[in-house]
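Visitor:
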Amino acid sequence: MCGIVGIIKSNSLKTEAIDILKKLEYRGYDSAGISLFEKNRIKTIKSVGKISELEKKSKNFSDKNFTGIIGHTRWATHGVVNRNNAHPFSDENLTLVCNGIIENYLKIQNRYVDIPSNIQSDTEVSFYFLSYLLNKYKNPDHAIKTFLKTIKGNYAFVIFIKKNDSFYLLKNGSPISLSHKAKSFYICSDSSILSSYHNKIYHLKDGDIIKINNNFVKKLNNNSKISFEDNSVSQNPYDKGKFQHYMLKEIHEQPKVLKDTQEKYISEFFVDFETKFKNLFNVNKIVLVGCGTAYHAGMIGEYYFNKFTNLDVSSELASELRYKNLNYNQKTLYIFISQSGETMDTLMALKYVKKYNQKTLIITNSLQSSMVREADVTIPTYALKEVGVASTKAFTCQVLSLANLSLEVGKMNKSLSNLDYNKNMKILGLLPAKLKKLIKDFSPIAKYLAKKITLVNSCYFLGRNIAYPIALEGSLKLKEISYMHSEGFPGGEMKHGPIALIDKNTMTVCIAPNNELYEKSLSNAQEISARNGKIIILSSVKRINKGSTEMKVSNLPKENFIDTPFIYSIPLQLISYYFALNEGTDIDQPRNLAKSVTVE
Ligand code: AGP
16 MCGIVGIIKS NSLKTEAIDI LKKLEYRGYD SAGISLFEKN RIKTIKSVGK
66 ISELEKKSKN FSDKNFTGII GHTRWATHGV VNRNNAHPFS DENLTLVCNG
116 IIENYLKIQN RYVDIPSNIQ SDTEVSFYFL SYLLNKYKNP DHAIKTFLKT
166 IKGNYAFVIF IKKNDSFYLL KNGSPISLSH KAKSFYICSD SSILSSYHNK
216 IYHLKDGDII KINNNFVKKL NNNSKISFED NSVSQNPYDK GKFQHYMLKE
266 IHEQPKVLKD TQEKYISEFF VDFETKFKNL FNVNKIVLVG CGTAYHAGMI
316 GEYYFNKFTN LDVSSELASE LRYKNLNYNQ KTLYIFISQS GETMDTLMAL
366 KYVKKYNQKT LIITNSLQSS MVREADVTIP TYALKEVGVA STKAFTCQVL
416 SLANLSLEVG KMNKSLSNLD YNKNMKILGL LPAKLKKLIK DFSPIAKYLA
466 KKITLVNSCY FLGRNIAYPI ALEGSLKLKE ISYMHSEGFP GGEMKHGPIA
516 LIDKNTMTVC IAPNNELYEK SLSNAQEISA RNGKIIILSS VKRINKGSTE
566 MKVSNLPKEN FIDTPFIYSI PLQLISYYFA LNEGTDIDQP RNLAKSVTVE
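Right, here's the structure in full:
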């Protein structure tokens, strides 16, 4: 979690660092800080709250005469949210910021008397420990190397040491990149942000110690040269255009990014599928792995692979998989799904299965991410940068990727006829236009339904078969941006316990596609209605006759199995958005969350 920026040589150190920190707010936003420095002086400013607070606080402070700056936006892991625990940690000799977690900080704190015993933050302990080493060793390089040998965890540090007027970058597990042009260097934990500044970039590798001194950059961990590569990502995802929130903008972008993703797949990526992927899919089992929304995409993928292929398939939460025993005698392909490609639980699960020589594939929206570097094969989604913390367009692109993969594998393994393959591919091709119309038509309905949800204390989502993960995702969306208590259930499970929750203060959204389980879904709705629970039925069935008290939304477009997740998820995104808007929550940056969860 957290976001890091560093700049050496710029005419507007403060403005640029604060600009970058605002872009990094998706990584956490409970406190922030900057340190400006030059060879004789370090000045640190910190504040609690969002970057706008830091901006106000540092407004009257001039950055003239300073040569560099480091900055940080925090998502608290160790130590409460307050000014002291905000980064950078600094004194007159040293300033540093850190992303990630130092796992053995308590051991270090107990071992060295110079480290105060009353501090709670792992980074503050690291700061005191490095100060101690800088006093002990004449050469700061030795202090840094010893520091690195002692600390354990997943982290990225950016450090300025006054004694030798040097800047250090350390990496293990957390992403950090360095871009440069002539004498100017920019450092950031999100490499895509650096493309607006320089077009040459280096992504630090685990174990790297980079030192920048007098415009000179070198590696201290080994003698290899730092090979800068081209960084030509060009987009401006931070422009909200006519939309009030990134989330709404990103919901509306779905037809376009799904179209782009599908076009890339059929014109490039999956052309000659058999030659490219036969070996990878020569397995008996597929396991789909992710966290949160990406896990829900994986669950949808499970239904796709189950329908279109003859392979055994299951889905797993990354945070659970990595503590399970693997059956590594079975030939298995693990498909990881991650928008950011940096989620620590997913990354660790990927490393875990790799240890057992399992085949790995990553579906991601971030081609420069750690997971891409780990996995055997990468399948990109082309959702472009997603800024809102609540995943919308990245999710539907992940689902599209899994739909294509399952069709390709089904066709290759002959478990799917050419006719059915072509029929489904055609449906996917028509999807963007269908969704564009759906967003337009459904938006006023979503506003109306959102008002109905204000009348209740809890909101449940029910679905069967492929609609079950859609229900889970609908519930996650609602709770994360509106803080409304919400849960998702498989329809068939209601009578086994959850129905006890139903009373007049609850709303249940029944997702009832027009398939062989439609009647059963309606029965669920009736049972809830009979217990005075409020009901919304989402369906494409034009006439819903059963019951009288339900709110029926029966004008969704006609769906097929393969496009059901898109047709039902987007209305749920819109309902959540408009409900949260009424509640007045911070939709793009909901409390306690972060876009990319890089701690376990
Ligand atoms: C989605 O709305 C959530 N914010 C969250 O569940 C997210 O999907 C999860 O943390 C996984 O992120 P990733 O796709 O970047 O791995």
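Going by the numbering used here, the residue at position 558 of the sequence shown is 573; the numbering climbs one at a time, nothing skipped. Note that the Cβ used here is the ideal one computed from N, Cα and C, for glycine as well.
Flag V404 as yes when its Cβ comes closer than 7 Å to any non-hydrogen atom of ligand 1, and as no otherwise.
Guide: Position 389 of the sequence shown, counted from the start, is the residue given in the question as residue 404. Checking the Cβ of V404 against ligand 1 gives yes.
Visitor: Taking 8 Å as the cut-off, does the stretch 602–615 touch the stretch 341–359 (at least 3 CB pairs, one atom from each stretch)?
Guide: yes
Visitor: Considering only DSSP beta bridges, list what Y475 is partnered with.
Guide: Mapped onto the sequence shown, residue 475 falls at position 460. DSSP, once it has assigned bridges, lists E502, T523 as partnering Y475.
Visitor: Taking the alpha-carbon of S67 as reference, which of S536, I35, N321 has the nearest alpha-carbon?
Guide: Along the sequence shown, one-based indexing puts residue 67 at 52. The shortest C-alpha separation from S67 is found at I35.
Visitor: Would you grab the beta carbon distance between K24 and S199 for me? Rounded to a whole angstrom, and I think it's under 8 Å.
Guide: Translated into the one-based positions of the sequence shown, residue 24 becomes position 9. Translated into the one-based positions of the sequence shown, residue 199 becomes position 184. The pair is a contact, with the Cβ atoms about 4 Å apart (cut-off 8 Å).
Visitor: On the criterion of 16 or more Cβ atoms from any shown chain inside 10 Å, does N309 qualify as buried, or is it exposed?
Guide: Residue numbering aside, residue 309 sits at position 294 when the sequence shown is read from its first letter. Inspection of the sequence shows that residue 309 is occupied by Ala rather than by Asn. Within 10 angstroms of the beta-carbon of A309 lie 16 or more other beta-carbons, which makes it buried.
Visitor: Note down the Cα distance separating R42 from E495, rounded to an integer number of angstroms.
Guide: Mapped onto the sequence shown, residue 42 falls at position 27. Mapped onto the sequence shown, residue 495 falls at position 480. Straight across, the Cα-Cα distance linking R42 with E495 is about 15 Å.
Visitor: Here's the rule: buried if 16 or more other CB atoms are within 10 angstroms of the residue's CB, otherwise exposed. What is Q124?
Guide: Here residue 124 is taken as the residue at index 109 of the sequence shown, counted from 1. Answer is buried; the Cβ neighbour count reaches 16.
Visitor: For P103 and Y436, what's the separation of their Cα atoms in angstroms?
Guide: Along the sequence shown, one-based indexing puts residue 103 at 88. Along the sequence shown, one-based indexing puts residue 436 at 421. Roughly 55 Å separates the two Cα atoms.
Visitor: Pull up the distance between the alpha-carbon of H511 and that of F594, whole angstroms please.
Guide: Translated into positions along the sequence shown, residue 511 becomes position 496. Translated into positions along the sequence shown, residue 594 becomes position 579. Between H511 and F594, the C-alpha separation is close to 29 Å.
Visitor: Compare the C-alpha of S46 against each of G64, K293, E53 and name the closest.
Guide: Taking the sequence shown and counting its residues from 1, the one referred to as residue 46 is at position 31. If we check each option's Cα against that of S46, G64 comes out closest.
Visitor: Quick one: using the 10 Å Cβ neighbour count with 16 as the cut-off for buried, is I378 buried or exposed?
Guide: For the purposes of this step, residue 378 is taken as the residue at position 363 of the sequence shown. Buried, by the Cβ-count rule.
Visitor: Locate the beta strand (DSSP E) running through D412, then write down its first and last residues.
Guide: On the sequence shown, position 397 is the one that residue 412 refers to. Reading the sequence as shown, one finds Cys at residue 412 and not Asp. Counting along the chain, C412 falls outside any beta strand (DSSP E), though it belongs to the alpha helix (DSSP H) covering 408–427.
Visitor: So what does DSSP say about F81, is it helix, strand or coil?
Guide: Your numbering for residue 81 matches position 66 in the sequence shown. Coil at F81, not helix or strand.
Visitor: Mind checking whether Y170 and I224 have CB atoms under 8 Å apart?
Guide: Your numbering for residue 170 matches position 155 in the sequence shown. Your numbering for residue 224 matches position 209 in the sequence shown. In this structure, Y170 lies away from I224, with their beta-carbon atoms at least 8 Å apart.
Visitor: If the criterion is Cβ atoms closer than 8 Å, does the pair L326 and F351 meet it?
Guide: Translated into positions along the sequence shown, residue 326 becomes position 311. Translated into positions along the sequence shown, residue 351 becomes position 336. No; because the gap between Cβ atoms is not below 8 Å, this pair is not in contact.
Visitor: Ends of the beta strand (DSSP E) at L263?
Guide: Working through the sequence shown from its first residue, we reach residue 263 at position 248. Premise fails: L263 lies in the alpha helix (DSSP H), 261–267, not in any beta strand (DSSP E).
Visitor: Ignore the nearest five residues each way along the sequence and tell me which others in D221's own chain have a CB closer than 7 Å to its CB.
Guide: Walking along the sequence shown from the start, residue 221 turns up at place 206. Excluding positions up to five away in sequence, the list reads K186, N187, G188.
Visitor: Using the three-state DSSP reduction, which class does Y183 fall into: helix, strand or coil?
Guide: Translated into positions along the sequence shown, residue 183 becomes position 168. Note: Y183 maps to strand in three-state DSSP.
Visitor: What does the Cβ neighbour count give for I315, buried or exposed, with the cut at 16 atoms within 10 Å?
Guide: As a first step, residue 315 is located in the sequence shown; it is residue number 300 there, counting from the start. Counting Cβ neighbours within 10 Å, I315 comes out buried, since at least 16 surround it.
Visitor: Please confirm whether any heavy atom of ligand 1 lies closer than 7 Å to the CB of E278.
Guide: What you label residue 278 is simply residue 263 of the sequence shown in a count that begins at 1. No; taking the cut-off as 7 Å, the Cβ of E278 has no heavy atom of ligand 1 nearer than that.
Visitor: Which of the three DSSP states is assigned to S132 in this structure?
Guide: As a position in the sequence shown, residue 132 is number 117, starting the count at 1. Of the three classes helix, strand and coil, the one that applies to S132 here is coil, per DSSP.
Visitor: Decide if G83 is buried, meaning its Cβ has at least 16 other Cβ atoms within 10 Å, or exposed.
Guide: Position 68 of the sequence shown holds residue 83. Per the 10 Å Cβ criterion, buried.
Visitor: Ignoring anything shorter than 3 residues, give me the beta strand (DSSP E) runs that lie fully in the stretch 341–379, in order along the chain.
Guide: 347–353, 374–379
Visitor: How far does the beta strand (DSSP E) with N169 in it extend, from its first residue to its last?
Guide: Sequence index remark: in the sequence shown, residue 169 carries index 154 (1-based). Run containing N169: 168–176, per the beta strand (DSSP E) assignment.
Visitor: Using alpha carbons as the reference points, say which of S211, S204, Y152, E118 lies closest to T165.
Guide: Position 150 of the sequence shown, counting from 1, holds the residue named residue 165. Closest option to T165, Cα to Cα, is E118.
Visitor: What first and last residue would you give for the beta strand (DSSP E) that runs through P395?
Guide: Within the sequence shown, numbered from 1, the residue matching residue 395 stands at position 380. Counting along the chain, the beta strand (DSSP E) containing P395 begins and ends at 392–395.
Visitor: Quick check: the Cα distance between N372 and N179, rounded to an integer number of angstroms?
Guide: The count along the sequence shown starts at 1 and reaches residue 372 at position 357. The count along the sequence shown starts at 1 and reaches residue 179 at position 164. If you take the alpha carbons of N372 and N179, they lie about 45 Å apart.
Visitor: For T469, count neighbouring Cβ atoms within 10 angstroms of its own Cβ and tell me buried if that reaches 16, exposed if not.
Guide: Position 454 of the sequence shown, counting from 1, holds the residue named residue 469. That one is exposed.
Visitor: Alpha carbon to alpha carbon, how far is H267 from R126?
Guide: Here residue 267 is taken as the residue at index 252 of the sequence shown, counted from 1. Here residue 126 is taken as the residue at index 111 of the sequence shown, counted from 1. Roughly 55 Å separates the two Cα atoms.
Visitor: Would Q345 be called buried (16 or more neighbouring beta carbons within 10 Å of its own) or exposed?
Guide: Residue mapping note: residue 345 aligns to position 330 of the sequence shown, counting from 1. The residue in question, Q345, is exposed, as its Cβ has fewer than 16 Cβ neighbours within 10 Å.
Visitor: Find out if the Cβ-Cβ distance for the pair L209, N246 is shorter than 8 Å.
Guide: Within the sequence shown, numbered from 1, the residue matching residue 209 stands at position 194. Within the sequence shown, numbered from 1, the residue matching residue 246 stands at position 231. Closer than 8 Å, so yes.
Visitor: Going straight from the alpha carbon of F76 to that of E31, what length do you get?
Guide: For the purposes of this step, residue 76 is taken as the residue at position 61 of the sequence shown. For the purposes of this step, residue 31 is taken as the residue at position 16 of the sequence shown. Rounded to the nearest angstrom, the two C-alpha atoms are 14 Å apart.
Visitor: Note down the Cα distance separating L434 from Y349, rounded to an integer number of angstroms.
Guide: For this step, residue 434 is matched to residue 419 along the sequence shown. For this step, residue 349 is matched to residue 334 along the sequence shown. C-alpha separation (whole angstroms): 28 Å.
Visitor: How far does the alpha helix (DSSP H) with A405 in it extend, from its first residue to its last?
Guide: Numbered from its first residue, the sequence shown carries residue 405 at position 390. From DSSP, A405 is part of no alpha helix (DSSP H); its letter is neither H nor E.
Visitor: Using three-state DSSP, classify A47 as helix, strand or coil.
Guide: As a first step, residue 47 is located in the sequence shown; it is residue number 32 there, counting from the start. Strand.
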